[in-house]
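Novice: Note that the protein sequences, when read in sequence, are chains A and B. First residue of the first sequence? That's 315 in our numbering, and the numbers climb one at a time after it. First residue of the second sequence? That's 9 in our numbering, and the numbers climb one at a time after it. Ideal Cβ positions, reconstructed from N, Cα and C, are used throughout, including at glycine.
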Amino acid sequence: MGAQGMLEGLPEVLVILAKIFAITLPLLGVVAYLTFAERKIIGYMQVRLGPNRVGPRGWLQPIADALKLLTKEIILPSASSRFLFLLAPVLAIAPALAAWAVVPFADGMVLASVDAGVLYVLAMSSVGVYGVILAGWAANSRYAFLGAMRSAAQMISYEIAMGFALVGVLMAAGSLNLEKIVLAQQGGVLSWFWLPLAPLFVVYFVAGVAETNRAPFDVAEGESELVAGFHVEYSGMGFAVFFLAEYANMVLIAALTAVMFLGGWLSPFEGLPAEVLGVPVLGPVLGPGLHWLAAKTSLLLLLFLWLRATFPRYRYDQIMRLGWKVFIPVSLLWIVVLGLAITTRVAPWLD
Amino acid sequence: MTPVVLFYLFAGILVFAGLMVVTVRNPVHAALFLVLAFFTSAAVWMLLEAEFLSLALVLVYVGAVMVLFLFVVMMLDVQGAPLRQGFIRYLPVGALVAGVAALELYLVVGSDRLFGSQAFPLPQRAGAAYSNTQEIGAVLYTKYVYPFEIAAVILLVAIVAAIALSLRRRGDARSQRPGDQVRVRREDRVRLVAMPAEKGE
């Protein structure tokens, strides 16, 4: 024990650290280019070009943005609670990154294959609200405070529906481990949980959009009435970290939806004969792997951007109505239906 | 890092956060220290291989209860000064209550008969295959199903009672009826009027 015991555990810690870097660094790259994709895609949807000046066809735009935000002055409002003001962006991004610990990227490719993975993800996403609330309170500004209040109420309302949707997933999969949830969906597109759990799939994804404070649920920012809501007083890197947290949360929700409802890393062409899978290039592409998870996540992220380009912002009371009076009853009802299907064994995919 | 080191680290933070909850002046800071206390106690439970309870603590208390607490505390804008009035006056009573509570705790936990190391030997470490969630589910829905259901019903009654007590129907208040809003037709709102085109001078 003591120093000896610590040294023995050291290589293991280094391996875990390396894995964390291997997840976090590409993730931040994805986040940076998601902001670029958003501006480009919404630009095309609105018949504009989007950013196209920095680098070839605008591809260096995220890097230019990051450099600009890094070199800007960080302004601390004079009557703010300084420590909490600086802590808030950290609290916003840390859970969004920490939740990736249990996300399986491919068979056996996961940082921590824990048995309470779904619970861990729910716990982490529920902690993310503190960044928003503290930012609103610590800035000592009316607009920021109103944004924080709205966000707190909204996140709590939608977390319940989200939790119920996940109860359905764990009932169907019979496990809280995200790896086992993916493996329970084996058998091609029709066996993925989006079909038997269709209402929960919709509830989870829409609640996820609301949890990330994205349009049409972005009342916490509400630039037309609250200027920029909870992060109105932030400048430079503080603002950049909030921005990163929002996009990291989007990627996380998209990846989790892909893992829990769209079969994760599984290929839609399952059941191909071994000869086809043995073909040099085509085989690995058609077989299961990380690229399928990435493709599904990208598709869901496109949906996020599409929603933002399409819908006007919800009115606040309608957000609450949707969360409490539509989503929670729908998910509760489907859990009962699912329970009946499991006990009577009518559904072949729920054995 | 041995579990013992981690335990003392988390336990130290927990005790520090608990002390800060009752000593800091700003109520928002106090609520945040309570969040820290919940978080570190969740970490201590994790060390005890109670991962379900640990994550449920974070999910329920940190993720929901404390958010509502903060919501209220921020709205109230409590001033520090009136809370400190009469500190000396109430000190003897407070000290007496604290002393009795500490004595009671010592009588139960401190003596070896009830909670000592003889009554509860050091638990064996379960292997990696042990699932705390599964174990809890197995007893919760079989052996303790009635207490569990009764607790759930009591909570439901509390929810209904809280809503019934706080809901006031005001005659003069106007609210939207979303059903009517959805059912509205174009003809109810817009009327197209045919008019002859106006001619200039």
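Met463 of chain A touches chain B at which residues, Cβ-Cβ below 9 angstroms?
Specialist: Those within 9 angstroms of Met463 of chain A in chain B are Phe79, Met82 and Met83.
Novice: Start and end of the alpha helix (DSSP H) containing Tyr518 of chain A?
Specialist: Ala512 to Glu525
Novice: Can you list, in chain order, the residues of the segment 14-36 of chain B whose Cβ is nearer than 9 angstroms to any Cβ on chain A?
Specialist: Under the 9 angstroms Cβ criterion, the segment 14-36 of chain B contributes Asn34 and Val36.
Novice: With 16 as the cutoff for other CB atoms within 10 Å, does Tyr472 of chain A come out buried or exposed?
Specialist: With 16 or more other Cβ atoms inside 10 Å of its own Cβ, Tyr472 of chain A counts as buried.
Novice: Whose CA, out of A:Leu619, A:Thr624 and A:Leu576, lies closest to the CA of Pro602 of chain A?
Specialist: A:Leu576
Novice: Nearest CA to the CA of Val428 of chain A: which residue from B:Met54, B:Ala159, B:Leu175 and B:Val81?
Specialist: B:Met54
Novice: Taking 8 angstroms as the CB-CB limit, is Leu331 of chain A close to chain B?
Specialist: no
Novice: Classify Ala181 of chain B as helix, strand or coil using the three-state DSSP reduction.
Specialist: coil
Novice: According to the neighbour-count rule (16 or more other Cβ atoms, all chains shown, within 10 Å of its Cβ), is Asp532 of chain A buried or exposed?
Specialist: Residue environment for Asp532 of chain A: buried (at least 16 other C-beta atoms within 10 angstroms of its C-beta).
Novice: Ignore the nearest five residues each way along the sequence and tell me which others in Val29 of chain B's own chain have a CB closer than 7 angstroms to its CB.
Specialist: Ala38, Phe41, Leu42 and Ala45
Novice: I'd like the list of long-range same chain contacts for Phe583 of chain A, defined as Cβ closer than 6 angstroms, with 5 residues on each side in sequence excluded.
Specialist: Leu600
Novice: Which whole-angstrom value describes the C-beta separation of Ala521 of chain A and Ala572 of chain A, a residue pair presumed to lie in contact below a C-beta threshold of 8 angstroms?
Specialist: Not really, about 16 angstroms apart at Cβ, beyond 8 angstroms.
Novice: Should Leu384 of chain A and Met551 of chain A be called a contact, given that it needs their Cβ atoms to be closer than 8 angstroms?
Specialist: yes
Novice: Checking the sheet assignment: what are the DSSP bridge partners for Met551 of chain A?
Specialist: Answer by DSSP bridge pairing: none, since Met551 of chain A is not bridged.
Novice: From the DSSP output, which residues share a beta bridge with Pro485 of chain A?
Specialist: Just to set this straight, residue 485 of chain A is Met in the shown sequence, not Pro. Met485 of chain A pairs with nothing; no bridge assigned.
Novice: So which residues of chain B does Val443 of chain A contact, with C-beta pairs closer than 9 angstroms?
Specialist: Gly71 and Val75
Novice: Is the shortest distance between the beta-carbon of Ala635 of chain A and the beta-carbons of chain B less than 8 angstroms?
Specialist: Checking the sequence, you will find Arg at residue 635 of chain A rather than Ala. At least one chain B Cβ lies under 8 angstroms of Arg635 of chain A.
Novice: In whole angstroms, what separates the C-alpha of Phe544 of chain A from that of Gly482 of chain A?
Specialist: 33 angstroms
Novice: Between which two residues does the alpha helix (DSSP H) containing Gly145 of chain B stretch?
Specialist: Asn140 to Leu148
Novice: Could you check where the alpha helix (DSSP H) with Met203 of chain B kicks off and where it finishes?
Specialist: Met203 of chain B -> no alpha helix (DSSP H), and no H or E assigned at all.
Novice: Since Tyr16 of chain B is in the alpha helix (DSSP H), which residue starts that stretch and which ends it?
Specialist: Pro11 to Thr31
Novice: Can you confirm whether Pro186 of chain B, when its beta carbon is compared against all beta carbons of chain A, has any partner nearer than 8 angstroms?
Specialist: yes
Novice: Assuming Ile407 of chain A is part of the alpha helix (DSSP H), what are its boundary residues?
Specialist: Arg396 to Ala412 is the span of the alpha helix (DSSP H), which, as asked, contains Ile407 of chain A.
Novice: Any chance the segment 637-655 of chain A sits against the segment 506-517 of chain A, with 3 or more Cβ pairs inside 8 angstroms?
Specialist: yes
Novice: Within 8 angstroms, do at least three Cβ pairs link the segment 393-405 of chain A to the segment 448-455 of chain A?
Specialist: Enough Cβ pairs lie closer than 8 angstroms, so yes.
Novice: Tell whether a beta-carbon distance below 8 angstroms holds between Trp579 of chain A and Val496 of chain A.
Specialist: yes
Novice: Using beta carbons (cut-off 8 angstroms, strictly below), is Ser174 of chain B in contact with chain A?
Specialist: no
Novice: Is the separation between the beta-carbon of Gln468 of chain A and that of Ile633 of chain A shorter than 8 angstroms?
Specialist: yes
Novice: In whole angstroms, give me the CA-to-CA distance for Pro530 of chain A and Thr624 of chain A.
Specialist: 9 angstroms
Novice: Let me check one thing: in DSSP terms, what residues is Ala420 of chain A bridge-paired to?
Specialist: A:Met423
Novice: Looking at the structure shown, is Phe95 of chain B part of a helix, part of a strand, or coil, going by DSSP?
Specialist: helix
Novice: Give me the Cβ distance between Pro409 of chain A and Met438 of chain A, rounded to the nearest whole Å; I'm assuming they're in contact under 8 angstroms.
Specialist: 4 angstroms
Novice: When you compare only the Cα positions, how much space is there between Ile388 of chain A and Glu547 of chain A?
Specialist: 10 angstroms
Novice: Would you call Met315 of chain A buried or exposed, if buried means 16 or more other Cβ atoms sit within 10 Å of its Cβ?
Specialist: Any reading at Met315 of chain A must be qualified, since the residue scores a pLDDT of 41, below 50, and its modelled position is unreliable; the value itself is stated next. It is exposed - the Cβ of Met315 of chain A has fewer than 16 other Cβ atoms within 10 Å.
Novice: Could you tell me which of B:Asp180, B:Ala50 and B:Pro186 sits nearest to Leu63 of chain B, measuring between CA atoms?
Specialist: B:Ala50
Novice: Tell me whether Leu324 of chain A is buried or exposed, calling it buried when 16 or more other Cβ atoms sit within 10 Å of its Cβ.
Specialist: exposed
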